[in-house]
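> Below you'll find the structure I mean.
Residue numbers (my numbering), protein chains in the order written: chain L, 1 to 355; chain P, 356 to 483.
Structure (structure tokens):
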């Protein structure tokens, strides 16, 4: 089993450890619900060093990303920003979702842990023609500090570059090999800090000392679900195209001359007929879970992510459904038809219920 | 972890049973089980009058993370359910052996109670 550098720090804090895609990771330290509220109300710190980090050397990196990335990397060129989007195969299937950070002429990519080897091979296969070298940064760790008080806490950390305070949403900056980015997976303000592994223990300790609550993968999942953010492998896989995965907004065809991998396949999709990912709220007692059947007036679908929302204090989920749904529908839970409402998947934004 | 009350007996799947003074049986889940599940947010209880079989599913408990079946330690007829759990399922986390009980039943075979694990044997089974 793989372990992050902070493994023993988690165990010392009494975390429950689980196997997450062959990584031993903390699922919670105390109570998942309390951890969730800590991020919504103050600040939490997450060890997400299991995620994959790649750097790139030499060659025409812009042309490389123009080809392999479905969003258009030109949007962030020379802007010190991050961009979210999908890596597609020729059939338009989603290989992964990722964030590309670009600052000081350097690109750094962060993607899921389960797709690390697939992505490495995919990058190497396509990098050669652009003279680009792919560097897997297994020597890096990632801390996310998230919540309304996150920035205040971060600015008190010793050795933090104070310029991080000026980063706009999705802004990023390198400080040596360290990357600071105003990104996250919670729907709250905060930073993700990608640092060499030997510096991470010290950052973690300081974040805790400053009052950040340690947050496990359990609360990370309820936070991202409330924020309406997809989880790769759960809400979308290689069998899905972006239009049926709520990722149409990340497909950029503005530049007609840009031929990215998967573009031709996407052009042949009739978007008016494809299924959609939509938010659902259970109006009866119970908990939505992945795989439950969804029914509405004009079609059906299936729950992809389902859980209990600590902020809404009811069960919410993401479902992939046929088009034609209106306000409400039904979900089948253990042979009972229960009532659901269809809503925008962004349930919570900056600590407030937004539906 | 709370100490296990000495009058309880267990299934290895983490349910407890207690014989009340009137001969009925109260059923719940162990402190170890609630700790494994984490924050409990929903419970589906059996119907009063329903027959349940020993080691068959009688209830469902859902934490934020997952849904789990609850097996009945004894066979019998359900005579009461803990309606408090409908609105406050988190009581199972805080008081698994007291206010967090699930249901009471009239046992059809008290011999089944003797076959359950003692608190010591159950604790040993959890450590394996």
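Cβ coordinates follow ideal geometry from the N, Cα and C atoms, glycine included.
Is the beta carbon of residue 361 (chain L) sitting closer than 8 Å to the one on residue 307 (chain L)?
No statement about residue 361 (chain L) is possible, as the shown extent of chain L runs from 1 to 355 and does not include it.
> Counting C-beta neighbours from all protein chains within 10 Å, is the total for residue 361 (chain P) 16 or more, i.e. buried, or is it exposed?
Residue numbering aside, residue 361 (chain P) sits at position 6 when the second chain is read from its first letter. Under this definition residue 361 (chain P) is an exposed residue.
> With 8 Å as the threshold, decide whether the Cβ of residue 388 (chain P) is near any Cβ in chain L.
As a first step, residue 388 (chain P) is located in the second chain; it is residue number 33 there, counting from the start. For residue 388 (chain P), the answer is no, since every Cβ of chain L falls outside 8 Å of its Cβ.
> So is residue 417 (chain P) in contact with chain L if we call contact Cβ pairs under 8 Å?
In the second chain, counting from the first residue as 1, residue 417 (chain P) sits at position 62. Chain L contact via Cβ: present.
> Quick check on residue 222 (chain L) - is its C-beta less than 8 Å from some C-beta in chain P?
Numbered from its first residue, the first chain carries residue 222 (chain L) at position 222. It does: the Cβ of residue 222 (chain L) has a partner Cβ on chain P nearer than 8 Å.
> Let me check one thing: in DSSP terms, what residues is residue 436 (chain P) bridge-paired to?
Locating residue 436 (chain P) in the second chain gives position 81, counting from the first residue. Answer is P:458.
> Decide yes or no for the touch test of the region 159-172 of chain L against the region 128-145 of chain L: beta carbon pairs closer than 8 Å, at least 3 of them.
Short answer: they don't touch.
> Applying a beta-carbon distance threshold of less than 9 Å, which residues of chain L neighbour residue 469 (chain P)?
Position 114 of the second chain, counting from 1, holds the residue named residue 469 (chain P). Residues of chain L passing the Cβ test: none, with the nearest at roughly 33 Å.
> Run through the region 156-237 of chain L for me and flag every whole alpha helix (DSSP H) of 4 or more residues, listed as ranges in chain order.
For the region 156-237 of chain L, whole alpha helix (DSSP H) runs of length 4 or above, ordered along the chain, are 200-209, 217-226.
> Does the CB of residue 413 (chain P) have a neighbour CB from chain L at under 8 Å?
Mapped onto the second chain, residue 413 (chain P) falls at position 58. So, not an interface residue.
> Just to confirm, is the Cβ distance from residue 282 (chain L) to residue 193 (chain L) under 8 Å?
Residue numbering aside, residue 282 (chain L) sits at position 282 when the first chain is read from its first letter. Residue numbering aside, residue 193 (chain L) sits at position 193 when the first chain is read from its first letter. Contact: no.
> What do you reckon, are the CB atoms on residue 457 (chain P) and residue 437 (chain P) nearer than 8 Å?
Taking the first residue of the second chain as position 1, residue 457 (chain P) is located at position 102. Taking the first residue of the second chain as position 1, residue 437 (chain P) is located at position 82. Cβ atoms of residue 457 (chain P) and residue 437 (chain P): closer than 8 Å.
> At which residue ranges does the region 111-141 of chain L contain complete alpha helix (DSSP H) runs of 4 or more residues, listed in the order of the chain?
With a minimum length of 4 residues, the continuous alpha helix (DSSP H) runs that stay inside the region 111-141 of chain L are 116-127.
> Spell out the partners DSSP gives residue 53 (chain L) in its beta bridges.
Position 53 of the first chain, counted from the first residue, corresponds to residue 53 (chain L). Note: residue 53 (chain L) sits in a beta bridge opposite L:110.
> Do residue 269 (chain L) and residue 325 (chain L) have their C-beta atoms closer together than 8 Å?
Numbered from 1 along the first chain, position 269 holds the residue referred to as residue 269 (chain L). Numbered from 1 along the first chain, position 325 holds the residue referred to as residue 325 (chain L). No, the Cβ-Cβ distance between residue 269 (chain L) and residue 325 (chain L) is not below 8 Å.
> Does DSSP put residue 75 (chain L) in a helix, a strand or coil?
Taking the first residue of the first chain as 1, we reach residue 75 (chain L) at position 75. The answer is helix: DSSP assigns residue 75 (chain L) an H, G or I state.
> Please name the residues in the region 142-163 of chain L whose beta-carbon is closer than 8 Å to at least one beta-carbon of chain P, in chain order.
Here the close residues number zero.
> Along the chain, where does the alpha helix (DSSP H) containing residue 466 (chain P) start, and where does it finish?
Against the second chain, residue 466 (chain P) aligns to sequence position 111. 466-469 is the span of the alpha helix (DSSP H), which, as asked, contains residue 466 (chain P).
> Reducing DSSP to helix, strand and coil, say where residue 12 (chain L) ends up.
Numbered from its first residue, the first chain carries residue 12 (chain L) at position 12. Residue 12 (chain L) falls in the helix class under three-state DSSP.
> Does the CB of residue 308 (chain L) have a neighbour CB from chain P at under 8 Å?
As a working note, residue 308 (chain L) is residue 308 in the first chain. Cβ-Cβ to chain P under 8 Å: yes for residue 308 (chain L).
> How big is the Cα-Cα spacing for residue 253 (chain L) and residue 72 (chain L)?
On the first chain, position 253 is the one that residue 253 (chain L) refers to. On the first chain, position 72 is the one that residue 72 (chain L) refers to. Going by the C-alpha atoms only, they are around 8 Å apart.
> Leaving aside the five residues before and after residue 218 (chain L) along the sequence, list all residues of the same chain whose C-beta is less than 8 Å from its C-beta, in chain order.
The count along the first chain starts at 1 and reaches residue 218 (chain L) at position 218. Closer than 8 Å at the Cβ level, and outside the excluded window around residue 218 (chain L), lie 27, 28, 32, 35.
> Using the beta-carbon count (16 or more within 10 Å), is residue 455 (chain P) buried or exposed?
In the second chain, counting from the first residue as 1, residue 455 (chain P) sits at position 100. Its Cβ being crowded by 16 or more others within 10 Å, residue 455 (chain P) is buried.
> Give the secondary structure of residue 397 (chain P) by DSSP, where H, G and I count as helix, E and B as strand, and everything else as coil.
The sequence position of residue 397 (chain P) within the second chain is 42, counting from 1. It is a strand residue.
> Strictly below 8 Å CB to CB, what residues from chain L border residue 422 (chain P)?
Indexing the second chain from 1 puts residue 422 (chain P) at position 67. Result: 287, 289.
> At the level of alpha carbons, what is the spacing between residue 105 (chain L) and residue 60 (chain L)?
As a first step, residue 105 (chain L) must be located in the first chain, where it is residue number 105. As a first step, residue 60 (chain L) must be located in the first chain, where it is residue number 60. Each residue's alpha carbon lies about 11 Å from the other.
> Alpha carbons only, please: which of P:390, P:405, P:365 is nearest the one belonging to residue 419 (chain P)?
Within the second chain, residue 419 (chain P) is the residue found at index 64, counting from 1. Closest by alpha carbon: P:390.
> Residues of the region 391-415 of chain P with a CB closer than 9 Å to any CB of chain L: list them in chain order, please.
Answer set for the region 391-415 of chain P: 391, 393, 394, 396, 397, 399, 415.
> Give, in chain order, every residue of the region 202-236 of chain L whose Cβ lies closer than 9 Å to some Cβ of chain P.
Cβ contacts with chain P come from 218, 219, 221, 222.
> Hey, quick one: how far does the alpha helix (DSSP H) through residue 358 (chain P) stretch, first residue to last?
For this step, residue 358 (chain P) is matched to residue 3 along the second chain. Segment: none, residue 358 (chain P) is in no alpha helix (DSSP H) and carries neither H nor E.
> Where residue 84 (chain L) and residue 473 (chain P) are concerned, what is the direct C-alpha to C-alpha distance, given to the nearest angstrom?
For the purposes of this step, residue 84 (chain L) is identified with residue 84 of the first chain, where counting begins at 1. For the purposes of this step, residue 473 (chain P) is identified with residue 118 of the second chain, where counting begins at 1. Taking the straight line joining both Cα atoms gives about 55 Å.
> Using the three-state DSSP reduction, which class does residue 366 (chain P) fall into: helix, strand or coil?
As a first step, residue 366 (chain P) must be located in the second chain, where it is residue number 11. DSSP places residue 366 (chain P) in coil when its eight states are reduced to three.
> Expressed to the nearest angstrom, what Euclidean distance is found between the alpha-carbon atoms of residue 5 (chain L) and residue 185 (chain L)?
Here residue 5 (chain L) is taken as the residue at index 5 of the first chain, counted from 1. Here residue 185 (chain L) is taken as the residue at index 185 of the first chain, counted from 1. About 21 Å.
> For residue 296 (chain L) and residue 342 (chain L), what's the separation of their Cα atoms in angstroms?
Numbered from 1 along the first chain, position 296 holds the residue referred to as residue 296 (chain L). Numbered from 1 along the first chain, position 342 holds the residue referred to as residue 342 (chain L). Their Cα atoms are separated by approximately 10 Å.
> Would you list the residues sitting across from residue 342 (chain L) in a DSSP beta bridge?
The residue labelled residue 342 (chain L) in the question sits at position 342 within the first chain. Note: residue 342 (chain L) sits in a beta bridge opposite L:280.
> Please report whether the beta-carbon of residue 33 (chain L) lies at a distance below 8 Å from any beta-carbon of chain P.
As a position in the first chain, residue 33 (chain L) is number 33, starting the count at 1. Taking Cβ atoms only, chain P reaches closer than 8 Å to residue 33 (chain L), which makes this a yes.
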